[in-house]
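Asker: Take a look at this one; I'll ask things after.
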Amino acid sequence: MTQPGCLELELTSDPPELPRVRGTVRDWSAQQGWSDDQAAEIALAVDEALSNVIRHGYCCAPGQRILLTAQPISVPGQTDGLEIRIRDFGKQADPDRIRGRQLDDIRPGGLGVHIIRAMMSSVEYRPVPGGGMLLVMRKYKDHRAACPPEANRHD
Amino acid sequence: MTDEPQRLTIDTVRQADQHVVRLSGEVDLRSSPQLRNVLLDVLAAKPRRLIVDLAQVGYMDSSGVGTLVEIKRLIERGAGQIVLAGLQPRVRSVFEITQLDKFFRIAASVDEVGRE
Numbered sequence: 019m020t021q022p023g024c025l026e027l028e029l030t031s032d033p034p035e036l037p038r039v040r041g042t043v044r045d046w047s048a049q050q051g052w053s054d055d056q057a058a059e060i061a062l063a064v065d066e067a068l069s070n071v072i073r074h075g076y077c078c079a080p081g082q083r084i085l086l087t088a089q090p091i092s093v094p095g096q097t098d099g100l101e102i103r104i105r106d107f108g109k110q111a112d113p114d115r116i117r118g119r120q121l122d123d124i125r126p127g128g129l130g131v132h133i134i135r136a137m138m139s140s141v142e143y144r145p146v147p148g149g150g151m152l153l154v155m156r157k158y159k160d161h162r163a164a165c166p167p168e169a170n171r172h173d
Numbered sequence: 619m620t621d622e623p624q625r626l627t628i629d630t631v632r633q634a635d636q637h638v639v640r641l642s643g644e645v646d647l648r649s650s651p652q653l654r655n656v657l658l659d660v661l662a663a664k665p666r667r668l669i670v671d672l673a674q675v676g677y678m679d680s681s682g683v684g685t686l687v688e689i690k691r692l693i694e695r696g697a698g699q700i701v702l703a704g705l706q707p708r709v710r711s712v713f714e715i716t717q718l719d720k721f722f723r724i725a726a727s728v729d730e731v732g733r734e
């Protein structure tokens, strides 16, 4: 059962799904009081996260299940925000190894994770017992999109 | 109700050894393979300069940016040049966030490049 103010979407691992989901997330964010720019940032983070699920979680296999929920959150000491959860049932990954390339190592891929982290206040990947991954992203109203400093740090 | 998202359309105009590729719509995981194929076809003609007109592109994700990085590498291997023109603010911000605004030559418009 969908709670008031919450968004629940079920989609498949097919790239043609992405424009519809982006539009739905953008519209829902705007209805929740986010500015047009912030709603666009949220939709971009969702798009990048879903693209990663399609490419890496499901290795581009079509028709695989993905669940997305979004809800407003209120955390003490923070401005109001939202939480988006994306659940897949594909290949698991070690959360510590999910990172983009160094930004000064310029090559075609490895940018999606940076974009997600730039658009959102917090990003957490969790392997789910039994299979698949859960991505939990939060954004607070005072968050400004910016690339996190670790994107330029060489380990 | 969400509006129907814009499909990507691509037009290519060749002027001597300069090609202008004009995009309209959204560039994402669905449409970036189409963009890549068109740009690879253009590269086969060994243009001196490739201008990618993004003035009508309201959305681009990392798959589109990655495609342009790949094409830049390839054209420079043949001593050619790629210029991105007319980026809308939200598309430009993706290049800024990924620090690729310093990697690409970015012009305000195709006309600005043509005046050189």
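These protein sequence lines are chains A and B, in that order.
According to the working numbering, the residues represented by the first sequence are 19 to 173, in order.
According to the working numbering, the residues represented by the second sequence are 619 to 734, in order.
All residues carry an ideal CB built from backbone N, CA and C; glycine is no exception.
1. Using a Cβ-Cβ cut-off of 8 Å, state whether B/Ile724 counts as contacting chain A.
2. Please name the residue, chosen from A/Tyr158, A/Asp45, A/Asn70, that lies closest to A/Ile116 on a Cα-to-Cα basis.
3. What does the alpha-carbon distance come out to for the pair B/Val645 and A/Gly95?
4. Any idea what DSSP makes of A/Asp14, helix, strand or coil?
5. Do we get a CB-CB distance below 8 Å when we pair A/Pro80 with the residues of chain B?
6. Near B/Gly682, what residues of its chain come up, given a Cβ to Cβ distance below 6 Å and the 5 sequence neighbours on each side ignored?
7. Skipping 5 residues on each side, what residues in its chain have a beta carbon closer than 8 Å to that of B/Gly696?
8. Using 8 Å as the limit for Cβ to Cβ distance, is B/Thr627 near chain A?
9. Could you check how far apart the C-beta atoms of B/Ser642 and B/Thr630 are, in whole angstroms? I think they sit under 8 Å.
10. Closest to B/Phe713 by CA distance: which of B/Leu653, B/Arg640, B/Met678 is it?
11. From the beta carbon of B/Gly682, is the nearest beta carbon of chain A less than 8 Å away?
12. Using the Cα positions of A/Cys77 and A/Ile134, report the straight-line distance between them to the nearest angstrom.
13. I need the DSSP call for A/Ala67, collapsed to helix, strand or coil.
14. Inspect the beta-carbon positions of A/Met137 and A/Leu62 and report whether they are closer than 8 Å.
15. Got a sec? Which residues, its chain only, sit under 8 Å from B/Ser680 by beta carbon, not counting five neighbours each side?
16. So if I threshold CB-CB distances at 8 Å, which residues from the stretch 706 to 721 of chain B count as touching chain A?
17. Taking just the CA atoms, how far does A/Val93 sit from B/Leu647?
18. If the cut-off is 8 Å on Cβ atoms, which residues from the stretch 20 to 53 of chain A count as contacting chain B, listed in chain order?
19. Measure from the C-beta of A/Ile102 to each C-beta in chain B and report whether the shortest distance is under 8 Å.
20. With a threshold of 8 Å between beta carbons, is B/Arg695 in contact with chain A?
21. Along the stretch 638 to 668 of chain B, what residues have a CB closer than 7 Å to any CB found in chain A?
22. Give the straight-line distance between the Cα atoms of A/Pro147 and A/Asp160, rounded to the nearest whole angstrom.
23. Straight-line CA distance for A/Val43 to B/Phe722?
24. Along the chain, where does the beta strand (DSSP E) containing B/Gly643 start, and where does it finish?
Answerer: On the basis of the data shown:
1. no
2. Taking only the C-alpha atoms, the option nearest A/Ile116 is A/Asn70.
3. 38 Å
4. There is simply no residue 14 of chain A to check, as chain A begins at 19 and stops at 173 in what is shown.
5. no
6. Val645, Ser650
7. Leu661, Lys664
8. no
9. Taking C-beta atoms under 8 Å as the contact rule, B/Ser642 and B/Thr630 fail to qualify, at a distance of about 12 Å.
10. B/Met678
11. no
12. 20 Å
13. Under the three-state reduction of DSSP output, A/Ala67 falls in the helix class.
14. yes
15. Val712, Thr716
16. Arg708, Ser711, Val712, Ile715, Thr716, Gln717, Leu718, Phe721
17. 34 Å
18. Pro33, Pro34, Leu36, Pro37, Arg38, Arg40, Gly41, Thr42, Arg44, Asp45
19. no
20. no
21. Glu644, Asp646, Leu647, Arg648
22. So the alpha carbons of these two residues sit roughly 34 Å apart.
23. 30 Å
24. 636 to 645
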